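For reference, the structure is listed below as C-alpha coordinates.
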Amino acid sequence: MRTLFSATCFFFLFSIGLTAQTANSGDCRTAIPVCADGEPIMPFVDGSGDIDEFDADVIRQTGCLEKGSVASANIENNTSWFVFRAGTDGQIGFDIETLSATAEWDFALYGPFDQTDGQNYCTIIGDGTAQPIRCNYEVNSTGFTGIGVNPGNGQVGAPFVKGSQNTYDEWLDVVAGELYYLFINNYNTNFDGDPEPFSLTFTGSSVDADQDTALDCTLRDEFLGLDIVACEGDPDIVLNARNSPAGPNVNNVTWSVDTDDDGTLDNANLLSGPAEFEYTVTSPNSGRYFVTIETPFGDIVDDILITFFPTPELDEVIIVEDLRDNPEVDTYDIEITTLTTGDYEYAINGGEFQDEAIFLDVPPGLNTVIINDKNGCGMVEEDFLVVGYPKFFSPNGDGIYDEWQILGISELSNPDVFIFDRYGKLLKQIDENSPGWDGTFNGRALPSSDYWFKLEYDRNDQGVVVASTTRRHFTLLR
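Letter by letter, the sequence shown follows residues -20 to -1, 1 to 458 in mature numbering (1 follows the signal peptide of the UniProt record, and there is no 0).
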(Lines of atoms letter the chains of each structure in order from A and count residues from 1; the text may use other names and numbers.)
(Lines give C-alpha, C1' and ligand atoms only; values in the text may rest on other atoms or scores of the structure.)
Protein backbone atom coordinates (compact mmCIF):
# COMPACT_ATOMS: atom_id res chain seq x y z
CA MET A 1 0.00 0.00 0.00
CA ARG A 2 1.41 3.37 -1.03
CA THR A 3 -0.51 6.60 -0.42
CA LEU A 4 0.26 10.18 -1.35
CA PHE A 5 -2.02 12.94 -0.07
CA SER A 6 -1.61 16.44 -1.55
CA ALA A 7 -3.39 19.71 -2.15
CA THR A 8 -3.54 21.27 -5.62
CA CYS A 9 -0.62 23.59 -4.99
CA PHE A 10 1.47 20.62 -3.85
CA PHE A 11 2.45 19.84 -7.42
CA PHE A 12 4.57 22.97 -7.30
CA LEU A 13 6.38 21.62 -4.28
CA PHE A 14 6.93 18.35 -6.10
CA SER A 15 8.66 20.10 -8.95
CA ILE A 16 11.03 22.11 -6.79
CA GLY A 17 11.61 19.47 -4.14
CA LEU A 18 13.60 17.15 -6.41
CA THR A 19 15.46 19.65 -8.58
CA ALA A 20 18.62 18.92 -6.61
CA GLN A 21 18.32 15.54 -4.95
CA THR A 22 20.92 15.20 -2.22
CA ALA A 23 20.00 11.85 -0.66
CA ASN A 24 21.88 8.76 -1.76
CA SER A 25 21.72 5.02 -1.19
CA GLY A 26 24.82 2.85 -1.29
CA ASP A 27 22.87 -0.42 -1.12
CA CYS A 28 20.69 -2.12 -3.71
CA ARG A 29 17.97 -2.97 -1.19
CA THR A 30 17.38 0.74 -0.48
CA ALA A 31 17.72 1.88 -4.11
CA ILE A 32 16.14 5.30 -4.67
CA PRO A 33 13.12 5.41 -7.03
CA VAL A 34 13.64 8.04 -9.75
CA CYS A 35 12.03 9.20 -12.98
CA ALA A 36 12.79 11.42 -15.98
CA ASP A 37 11.02 14.69 -15.23
CA GLY A 38 13.63 16.91 -16.87
CA GLU A 39 15.57 17.66 -13.71
CA PRO A 40 19.01 16.13 -13.06
CA ILE A 41 19.47 13.92 -10.01
CA MET A 42 22.44 15.23 -8.07
CA PRO A 43 23.46 13.06 -5.10
CA PHE A 44 26.54 13.36 -2.92
CA VAL A 45 28.02 9.88 -2.58
CA ASP A 46 29.71 9.31 0.75
CA GLY A 47 30.42 5.59 0.91
CA SER A 48 29.80 2.10 -0.37
CA GLY A 49 26.76 1.28 1.74
CA ASP A 50 26.38 -1.25 4.52
CA ILE A 51 26.36 -4.39 2.36
CA ASP A 52 28.97 -5.77 -0.01
CA GLU A 53 26.52 -6.34 -2.83
CA PHE A 54 28.50 -8.66 -5.07
CA ASP A 55 29.72 -12.21 -4.55
CA ALA A 56 33.43 -11.74 -5.13
CA ASP A 57 33.92 -15.32 -6.32
CA VAL A 58 31.37 -14.80 -9.09
CA ILE A 59 30.91 -11.15 -10.03
CA ARG A 60 34.48 -9.95 -9.87
CA GLN A 61 35.88 -12.68 -12.06
CA THR A 62 33.96 -12.31 -15.31
CA GLY A 63 32.10 -9.77 -17.41
CA CYS A 64 32.00 -5.99 -17.31
CA LEU A 65 32.42 -5.75 -13.55
CA GLU A 66 35.71 -7.59 -13.87
CA LYS A 67 37.38 -4.16 -13.64
CA GLY A 68 37.15 -2.89 -17.23
CA SER A 69 40.41 -1.63 -18.68
CA VAL A 70 42.02 -0.80 -15.33
CA ALA A 71 43.18 -3.77 -13.28
CA SER A 72 43.09 -1.89 -9.97
CA ALA A 73 39.48 -0.68 -10.27
CA ASN A 74 37.28 -1.24 -7.23
CA ILE A 75 33.68 -2.35 -7.75
CA GLU A 76 32.27 -0.69 -4.63
CA ASN A 77 34.06 2.55 -3.87
CA ASN A 78 31.52 5.37 -3.67
CA THR A 79 28.31 3.72 -4.77
CA SER A 80 24.77 4.75 -5.66
CA TRP A 81 21.73 2.60 -6.39
CA PHE A 82 18.64 3.81 -8.24
CA VAL A 83 15.52 2.04 -9.49
CA PHE A 84 13.23 3.22 -12.27
CA ARG A 85 10.20 1.89 -14.11
CA ALA A 86 9.45 2.41 -17.80
CA GLY A 87 6.32 4.50 -18.31
CA THR A 88 6.02 4.00 -22.06
CA ASP A 89 7.47 1.79 -24.76
CA GLY A 90 10.49 3.41 -26.39
CA GLN A 91 14.13 4.37 -26.11
CA ILE A 92 15.84 5.34 -22.86
CA GLY A 93 19.37 6.48 -22.05
CA PHE A 94 21.10 8.53 -19.39
CA ASP A 95 24.13 10.75 -18.83
CA ILE A 96 26.27 10.48 -15.71
CA GLU A 97 28.38 13.61 -15.42
CA THR A 98 31.35 13.99 -13.08
CA LEU A 99 31.06 17.12 -10.92
CA SER A 100 34.44 16.89 -9.18
CA ALA A 101 38.01 16.56 -10.37
CA THR A 102 38.67 13.54 -8.16
CA ALA A 103 35.88 11.23 -9.36
CA GLU A 104 35.43 8.90 -12.32
CA TRP A 105 32.05 7.17 -12.49
CA ASP A 106 31.17 3.75 -13.88
CA PHE A 107 27.81 1.98 -14.02
CA ALA A 108 25.94 -1.29 -14.45
CA LEU A 109 22.26 -1.51 -15.41
CA TYR A 110 20.13 -4.56 -14.51
CA GLY A 111 16.74 -5.65 -15.78
CA PRO A 112 14.18 -5.75 -17.13
CA PHE A 113 12.35 -7.08 -14.07
CA ASP A 114 8.67 -7.85 -13.64
CA GLN A 115 7.58 -6.27 -10.37
CA THR A 116 4.83 -8.87 -9.93
CA ASP A 117 7.06 -11.96 -9.96
CA GLY A 118 8.06 -11.70 -6.30
CA GLN A 119 11.80 -12.11 -6.83
CA ASN A 120 14.42 -10.51 -4.62
CA TYR A 121 16.19 -8.58 -7.36
CA CYS A 122 19.12 -7.45 -5.24
CA THR A 123 19.93 -11.07 -4.39
CA ILE A 124 20.01 -12.24 -8.00
CA ILE A 125 22.02 -9.17 -8.97
CA GLY A 126 24.57 -9.83 -6.25
CA ASP A 127 25.04 -13.54 -6.93
CA GLY A 128 25.34 -13.14 -10.69
CA THR A 129 22.03 -14.78 -11.58
CA ALA A 130 21.03 -11.45 -13.14
CA GLN A 131 23.80 -10.05 -15.32
CA PRO A 132 24.06 -6.38 -16.38
CA ILE A 133 22.34 -5.57 -19.66
CA ARG A 134 24.39 -2.38 -19.98
CA CYS A 135 27.68 -1.92 -18.16
CA ASN A 136 30.72 0.34 -18.50
CA TYR A 137 33.91 0.36 -16.45
CA GLU A 138 36.11 2.01 -19.08
CA VAL A 139 38.55 4.89 -18.56
CA ASN A 140 36.57 8.13 -18.66
CA SER A 141 38.40 11.11 -20.21
CA THR A 142 35.36 13.26 -21.05
CA GLY A 143 33.67 13.51 -17.67
CA PHE A 144 30.64 11.61 -18.98
CA THR A 145 29.51 7.99 -19.01
CA GLY A 146 26.12 6.45 -19.68
CA ILE A 147 23.79 5.08 -22.33
CA GLY A 148 23.10 6.78 -25.67
CA VAL A 149 25.43 9.50 -26.98
CA ASN A 150 28.30 11.06 -25.03
CA PRO A 151 27.58 14.81 -24.86
CA GLY A 152 31.27 15.46 -24.20
CA ASN A 153 32.57 14.22 -27.53
CA GLY A 154 29.54 13.01 -29.48
CA GLN A 155 30.65 9.36 -29.30
CA VAL A 156 27.74 7.01 -29.98
CA GLY A 157 27.09 4.24 -27.49
CA ALA A 158 28.09 0.72 -28.54
CA PRO A 159 28.13 -2.77 -27.02
CA PHE A 160 30.68 -3.08 -24.26
CA VAL A 161 34.16 -4.10 -25.34
CA LYS A 162 36.77 -4.33 -22.62
CA GLY A 163 39.60 -1.87 -23.24
CA SER A 164 37.71 0.11 -25.88
CA GLN A 165 37.61 3.23 -23.67
CA ASN A 166 34.16 4.02 -25.08
CA THR A 167 32.31 5.09 -21.94
CA TYR A 168 28.85 4.97 -23.54
CA ASP A 169 26.72 1.90 -24.16
CA GLU A 170 24.00 1.54 -26.78
CA TRP A 171 20.45 2.85 -26.29
CA LEU A 172 18.01 0.80 -24.22
CA ASP A 173 14.69 -0.23 -25.73
CA VAL A 174 12.11 -0.49 -22.93
CA VAL A 175 8.54 -1.71 -22.54
CA ALA A 176 6.10 0.07 -20.26
CA GLY A 177 6.06 -1.43 -16.76
CA GLU A 178 9.56 -2.90 -16.85
CA LEU A 179 11.69 -2.29 -13.75
CA TYR A 180 15.43 -1.50 -13.89
CA TYR A 181 18.16 -1.16 -11.25
CA LEU A 182 21.06 1.22 -11.90
CA PHE A 183 24.35 0.83 -10.02
CA ILE A 184 26.80 3.75 -10.20
CA ASN A 185 30.32 3.39 -8.81
CA ASN A 186 33.22 5.82 -8.43
CA TYR A 187 36.49 4.25 -9.53
CA ASN A 188 38.77 7.23 -8.84
CA THR A 189 37.80 8.56 -5.42
CA ASN A 190 39.64 11.22 -3.46
CA PHE A 191 39.95 8.74 -0.55
CA ASP A 192 39.60 11.56 1.99
CA GLY A 193 36.12 10.63 3.16
CA ASP A 194 34.46 13.64 1.58
CA PRO A 195 31.30 13.05 -0.48
CA GLU A 196 31.69 12.97 -4.25
CA PRO A 197 28.97 14.56 -6.43
CA PHE A 198 27.67 13.61 -9.85
CA SER A 199 24.68 14.40 -12.04
CA LEU A 200 22.30 11.79 -13.50
CA THR A 201 20.00 12.89 -16.33
CA PHE A 202 17.73 10.61 -18.38
CA THR A 203 17.73 10.94 -22.16
CA GLY A 204 16.37 9.18 -25.25
CA SER A 205 13.52 9.49 -27.72
CA SER A 206 10.94 8.56 -25.06
CA VAL A 207 12.19 11.38 -22.83
CA ASP A 208 12.24 13.79 -25.78
CA ALA A 209 8.64 12.88 -26.60
CA ASP A 210 7.35 13.36 -23.05
CA GLN A 211 9.70 13.59 -20.11
CA ASP A 212 6.82 13.18 -17.65
CA THR A 213 5.71 9.77 -18.97
CA ALA A 214 8.92 8.22 -20.33
CA LEU A 215 9.61 6.82 -16.89
CA ASP A 216 6.79 6.12 -14.47
CA CYS A 217 7.02 8.94 -11.96
CA THR A 218 4.47 7.27 -9.66
CA LEU A 219 7.33 4.98 -8.63
CA ARG A 220 9.05 8.04 -7.17
CA ASP A 221 6.03 8.56 -4.90
CA GLU A 222 7.27 5.39 -3.19
CA PHE A 223 10.18 7.43 -1.90
CA LEU A 224 11.05 4.93 0.84
CA GLY A 225 11.88 2.49 -1.95
CA LEU A 226 10.62 -0.96 -2.91
CA ASP A 227 9.88 -3.62 -0.30
CA ILE A 228 13.01 -5.11 1.25
CA VAL A 229 13.92 -8.73 1.96
CA ALA A 230 16.88 -9.04 4.33
CA CYS A 231 18.60 -11.74 6.35
CA GLU A 232 18.75 -11.98 10.10
CA GLY A 233 22.07 -10.54 11.18
CA ASP A 234 22.30 -8.17 8.21
CA PRO A 235 23.46 -4.60 8.84
CA ASP A 236 20.85 -2.07 9.91
CA ILE A 237 18.49 -0.71 7.26
CA VAL A 238 18.27 3.08 7.27
CA LEU A 239 14.97 4.31 5.84
CA ASN A 240 15.25 7.78 4.33
CA ALA A 241 12.31 10.13 3.78
CA ARG A 242 14.38 12.94 2.28
CA ASN A 243 13.41 11.85 -1.22
CA SER A 244 9.77 12.74 -0.63
CA PRO A 245 8.14 15.55 -2.61
CA ALA A 246 7.66 17.63 0.55
CA GLY A 247 10.36 20.14 -0.21
CA PRO A 248 11.61 22.34 2.66
CA ASN A 249 8.19 23.02 4.20
CA VAL A 250 7.98 20.21 6.74
CA ASN A 251 6.15 20.60 10.03
CA ASN A 252 6.77 17.11 11.41
CA VAL A 253 7.88 13.58 10.46
CA THR A 254 6.41 10.52 12.24
CA TRP A 255 7.47 6.88 11.84
CA SER A 256 5.20 3.92 12.74
CA VAL A 257 5.11 0.16 12.21
CA ASP A 258 2.68 -2.70 11.62
CA THR A 259 4.85 -5.63 12.69
CA ASP A 260 2.53 -8.36 11.37
CA ASP A 261 1.49 -6.46 8.23
CA ASP A 262 -2.13 -7.14 9.17
CA GLY A 263 -3.46 -3.60 8.83
CA THR A 264 -3.12 -2.66 12.50
CA LEU A 265 -0.34 -0.39 13.75
CA ASP A 266 1.61 -1.93 16.61
CA ASN A 267 3.52 1.27 17.34
CA ALA A 268 2.12 4.54 16.01
CA ASN A 269 5.04 6.66 17.15
CA LEU A 270 8.40 4.96 16.72
CA LEU A 271 10.07 8.30 16.14
CA SER A 272 8.72 11.80 15.62
CA GLY A 273 10.07 15.29 15.06
CA PRO A 274 10.45 17.98 12.39
CA ALA A 275 13.92 16.75 11.43
CA GLU A 276 13.49 12.97 11.86
CA PHE A 277 13.88 12.07 8.18
CA GLU A 278 15.69 8.80 8.91
CA TYR A 279 14.62 5.71 10.80
CA THR A 280 16.90 2.73 11.44
CA VAL A 281 15.46 -0.80 11.28
CA THR A 282 17.53 -3.46 13.01
CA SER A 283 17.45 -7.23 12.48
CA PRO A 284 15.17 -9.14 12.94
CA ASN A 285 12.41 -6.54 13.27
CA SER A 286 10.22 -7.37 10.28
CA GLY A 287 7.14 -5.29 9.58
CA ARG A 288 5.52 -2.66 7.39
CA TYR A 289 7.04 0.69 8.26
CA PHE A 290 5.21 3.95 7.62
CA VAL A 291 6.33 7.55 7.50
CA THR A 292 3.95 10.51 7.67
CA ILE A 293 5.33 13.89 6.63
CA GLU A 294 3.20 16.79 7.75
CA THR A 295 3.38 19.93 5.57
CA PRO A 296 1.31 23.13 5.35
CA PHE A 297 -0.24 21.67 2.20
CA GLY A 298 -1.24 18.26 3.57
CA ASP A 299 0.29 15.01 4.73
CA ILE A 300 2.49 12.73 2.65
CA VAL A 301 2.47 9.05 3.61
CA ASP A 302 4.60 6.20 2.34
CA ASP A 303 5.25 2.67 3.58
CA ILE A 304 7.67 -0.16 2.98
CA LEU A 305 7.54 -3.84 3.96
CA ILE A 306 10.76 -5.17 5.45
CA THR A 307 11.08 -8.93 5.98
CA PHE A 308 14.02 -10.57 7.73
CA PHE A 309 14.63 -14.25 7.02
CA PRO A 310 16.79 -16.57 9.16
CA THR A 311 19.33 -19.11 8.00
CA PRO A 312 17.48 -22.35 7.11
CA GLU A 313 17.31 -24.93 9.88
CA LEU A 314 16.25 -28.51 9.30
CA ASP A 315 13.49 -29.87 11.55
CA GLU A 316 12.98 -33.45 10.42
CA VAL A 317 12.69 -35.77 7.46
CA ILE A 318 9.35 -37.55 7.26
CA ILE A 319 8.62 -40.65 5.22
CA VAL A 320 5.36 -39.87 3.46
CA GLU A 321 4.56 -42.96 1.40
CA ASP A 322 6.10 -45.93 -0.36
CA LEU A 323 5.83 -45.78 -4.14
CA ARG A 324 5.75 -49.39 -5.27
CA ASP A 325 6.61 -52.95 -4.40
CA ASN A 326 10.10 -53.82 -5.55
CA PRO A 327 11.76 -57.16 -4.88
CA GLU A 328 15.24 -55.66 -5.11
CA VAL A 329 15.17 -52.43 -3.16
CA ASP A 330 12.63 -50.35 -1.31
CA THR A 331 12.22 -46.68 -2.20
CA TYR A 332 10.38 -43.99 -0.30
CA ASP A 333 8.72 -40.61 -0.59
CA ILE A 334 10.11 -38.16 1.95
CA GLU A 335 9.16 -34.66 3.05
CA ILE A 336 11.68 -32.14 4.39
CA THR A 337 10.40 -29.87 7.16
CA THR A 338 12.19 -26.85 8.60
CA LEU A 339 12.15 -25.02 11.91
CA THR A 340 12.50 -21.72 10.06
CA THR A 341 10.44 -19.90 7.45
CA GLY A 342 11.84 -18.63 4.16
CA ASP A 343 11.79 -18.96 0.40
CA TYR A 344 13.60 -22.28 0.20
CA GLU A 345 14.73 -24.70 -2.47
CA TYR A 346 15.84 -28.25 -1.80
CA ALA A 347 18.21 -30.83 -3.25
CA ILE A 348 19.17 -34.32 -2.13
CA ASN A 349 22.19 -36.48 -2.90
CA GLY A 350 23.77 -33.97 -5.29
CA GLY A 351 20.67 -33.61 -7.49
CA GLU A 352 19.05 -30.50 -8.91
CA PHE A 353 17.33 -27.99 -6.65
CA GLN A 354 13.54 -27.98 -6.54
CA ASP A 355 10.95 -25.81 -4.83
CA GLU A 356 8.97 -28.73 -3.44
CA ALA A 357 10.05 -30.22 -0.12
CA ILE A 358 8.85 -33.70 -1.15
CA PHE A 359 11.18 -36.15 -2.91
CA LEU A 360 10.24 -39.44 -4.56
CA ASP A 361 12.20 -42.65 -4.90
CA VAL A 362 14.62 -41.93 -2.07
CA PRO A 363 16.73 -45.00 -1.30
CA PRO A 364 17.11 -46.43 2.19
CA GLY A 365 20.33 -45.61 3.96
CA LEU A 366 22.28 -42.41 4.51
CA ASN A 367 21.24 -39.49 2.29
CA THR A 368 22.09 -35.77 2.16
CA VAL A 369 19.74 -32.81 1.85
CA ILE A 370 20.68 -29.22 1.04
CA ILE A 371 18.27 -26.42 1.95
CA ASN A 372 19.00 -23.10 0.27
CA ASP A 373 17.29 -19.79 1.00
CA LYS A 374 16.61 -18.06 -2.34
CA ASN A 375 16.94 -14.67 -0.69
CA GLY A 376 20.60 -15.35 0.01
CA CYS A 377 20.08 -15.92 3.72
CA GLY A 378 22.11 -19.10 3.90
CA MET A 379 22.36 -22.74 2.98
CA VAL A 380 22.50 -25.80 5.20
CA GLU A 381 23.57 -29.34 4.38
CA GLU A 382 22.46 -32.23 6.60
CA ASP A 383 22.70 -35.99 6.47
CA PHE A 384 19.55 -37.96 7.10
CA LEU A 385 18.87 -41.64 7.35
CA VAL A 386 16.02 -43.47 5.69
CA VAL A 387 15.59 -46.70 7.58
CA GLY A 388 14.14 -49.20 5.12
CA TYR A 389 13.88 -52.89 4.42
CA PRO A 390 13.16 -55.24 1.53
CA LYS A 391 9.50 -56.09 1.22
CA PHE A 392 10.41 -59.51 -0.15
CA PHE A 393 13.27 -61.96 0.26
CA SER A 394 13.80 -65.47 -1.08
CA PRO A 395 16.16 -67.70 0.96
CA ASN A 396 16.60 -70.35 -1.72
CA GLY A 397 20.39 -70.62 -1.67
CA ASP A 398 21.00 -68.82 -4.97
CA GLY A 399 23.01 -66.10 -3.26
CA ILE A 400 20.48 -63.38 -4.11
CA TYR A 401 18.42 -61.94 -1.25
CA ASP A 402 18.96 -65.02 0.86
CA GLU A 403 18.88 -62.95 4.07
CA TRP A 404 16.51 -60.24 5.22
CA GLN A 405 17.96 -57.24 7.07
CA ILE A 406 17.10 -53.62 7.85
CA LEU A 407 18.72 -51.40 5.21
CA GLY A 408 20.82 -48.69 6.78
CA ILE A 409 20.96 -50.44 10.13
CA SER A 410 24.71 -49.80 10.47
CA GLU A 411 24.01 -46.05 10.71
CA LEU A 412 21.75 -46.45 13.76
CA SER A 413 22.81 -46.38 17.38
CA ASN A 414 22.33 -49.63 19.27
CA PRO A 415 19.74 -51.12 16.90
CA ASP A 416 17.86 -54.32 17.58
CA VAL A 417 15.41 -56.00 15.21
CA PHE A 418 12.84 -58.51 16.44
CA ILE A 419 11.10 -60.74 13.85
CA PHE A 420 7.73 -62.37 14.56
CA ASP A 421 5.30 -64.61 12.77
CA ARG A 422 1.69 -63.52 12.24
CA TYR A 423 0.74 -64.84 15.68
CA GLY A 424 3.36 -62.74 17.45
CA LYS A 425 5.86 -65.52 18.15
CA LEU A 426 9.44 -64.25 18.31
CA LEU A 427 11.46 -66.00 15.63
CA LYS A 428 14.75 -64.09 15.50
CA GLN A 429 16.62 -61.16 17.03
CA ILE A 430 19.31 -59.47 14.89
CA ASP A 431 21.47 -56.37 15.16
CA GLU A 432 23.82 -54.34 12.93
CA ASN A 433 26.48 -57.09 13.11
CA SER A 434 24.14 -59.84 11.98
CA PRO A 435 24.09 -60.92 8.34
CA GLY A 436 20.30 -60.95 8.53
CA TRP A 437 17.54 -63.50 8.86
CA ASP A 438 17.68 -66.58 6.63
CA GLY A 439 14.01 -67.54 7.03
CA THR A 440 14.54 -70.35 9.54
CA PHE A 441 13.50 -71.03 13.13
CA ASN A 442 15.44 -73.56 15.20
CA GLY A 443 17.04 -74.80 11.98
CA ARG A 444 13.72 -75.37 10.23
CA ALA A 445 12.86 -73.46 7.06
CA LEU A 446 9.67 -71.48 7.55
CA PRO A 447 7.01 -71.34 4.85
CA SER A 448 6.20 -68.51 2.44
CA SER A 449 4.16 -65.99 4.37
CA ASP A 450 4.08 -62.47 5.75
CA TYR A 451 6.27 -61.80 8.79
CA TRP A 452 6.49 -58.87 11.15
CA PHE A 453 9.32 -57.01 12.78
CA LYS A 454 9.97 -54.39 15.45
CA LEU A 455 12.96 -52.06 15.23
CA GLU A 456 14.41 -50.44 18.35
CA TYR A 457 17.30 -47.93 18.34
CA ASP A 458 18.62 -44.88 20.16
CA ARG A 459 17.36 -41.53 18.76
CA ASN A 460 20.64 -39.75 19.55
CA ASP A 461 22.49 -40.76 16.40
CA GLN A 462 25.59 -38.54 16.62
CA GLY A 463 23.95 -35.63 14.87
CA VAL A 464 22.32 -37.66 12.08
CA VAL A 465 18.64 -36.83 11.62
CA VAL A 466 16.69 -40.11 11.42
CA ALA A 467 13.67 -40.51 9.17
CA SER A 468 11.57 -43.22 10.83
CA THR A 469 9.18 -45.63 9.14
CA THR A 470 5.84 -47.12 10.22
CA ARG A 471 5.87 -50.21 7.99
CA ARG A 472 6.41 -53.38 9.97
CA HIS A 473 5.88 -56.40 7.75
CA PHE A 474 7.55 -58.17 4.82
CA THR A 475 7.11 -61.33 2.77
CA LEU A 476 9.16 -64.52 2.65
CA LEU A 477 9.01 -66.25 -0.76
CA ARG A 478 9.94 -69.87 -1.40
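In this text, a Cβ means the ideal position worked out from N, Cα and C, and glycines have one as well. This structure is a prediction, so every number in the text was calculated from the model and none was measured.
Check	Outcome
Candidates 205, 217, 131: closest to residue 181 by CA position	131
Identity of the residues DSSP links to residue 272 by a beta bridge	234, 281
Given residue 467 as reference, the closest of 315, 382, 109, 288 once Cα atoms are compared	It is not possible to answer for residue 467, since the shown part of the chain is limited to -20 through 458.
Beta carbon of residue 74 nearer than 8 Å to that of residue 126	yes
Inter-residue spacing [alpha-carbon to alpha-carbon] between residue 292 and residue 368	27 Å
Touch test, the region 217 to 234 against the region 271 to 287, Cβ-Cβ under 8 Å, three pairs minimum	yes
Range covered by the beta strand (DSSP E) that runs through residue 252	247 to 253
3-residue-minimum beta strand (DSSP E) runs that sit fully inside the region 138 to 171, ordered along the chain	152 to 154, 159 to 166
Reference residue 21; option with closest CA among 12, 214, 28, 27	12
Between the CA atoms of residue 350 and residue 419 - distance to the nearest angstrom	39 Å
Pair within 8 Å by beta-carbon distance, residue 44 and residue 115	yes
Contact check, residue 124 vs residue 59, beta carbons under 8 Å	no
Whether residue 343 touches residue 454 by CB criterion (8 Å)	no
Residue range of the alpha helix (DSSP H) that includes residue 185	185 to 189
Outcome for residue 380 when other beta-carbon atoms lying within 10 angstroms are tallied against a minimum of 16	exposed
Residue 428 classed as buried or exposed, judged by whether at least 16 other C-beta atoms fall within 10 angstroms	exposed
Assigned exposure category for residue 121 - 16 Cβ within 10 Å defines buried	exposed
C-alpha gap between residue 261 and residue 245, whole angstroms	16 Å
Reference residue 411; option with closest CA among 424, 423, 387, 431	387
The region 383 to 402 / the region 353 to 362 touching (three or more Cβ pairs under 8 Å)	no
The region 233 to 245 touching the region 312 to 322, judged by at least three CB pairs closer than 8 Å	no
Alpha-carbon spacing of residue 331 relative to residue 201, whole angstroms	45 Å
Residue 16 vs residue 199 beta-carbon contact at 8 Å	no
Which listed residue (269, 138, 186) has its alpha carbon closest to that of residue 67	186
Neighbour-count burial assignment, residue 88, 16 or more Cβ in a 10 Å radius	buried
Which of helix, strand or coil DSSP assigns to residue 15	coil
Residue 393, buried or exposed, once every other Cβ within 10 Å from all chains shown has been counted against 16	exposed
N- and C-terminal bounds of the beta strand (DSSP E) containing residue 76	70 to 78
Residue from 279, 155, 107 whose Cα sits closest to the Cα of residue 227	279
Pairwise C-alpha distance: residue 148 and residue 142	12 Å
Local conformation of residue 118 per DSSP, three classes	coil
Outcome for residue 83 when other beta-carbon atoms lying within 10 angstroms are tallied against a minimum of 16	buried
Where the alpha helix (DSSP H) containing residue 106 begins and where it ends	101 to 106
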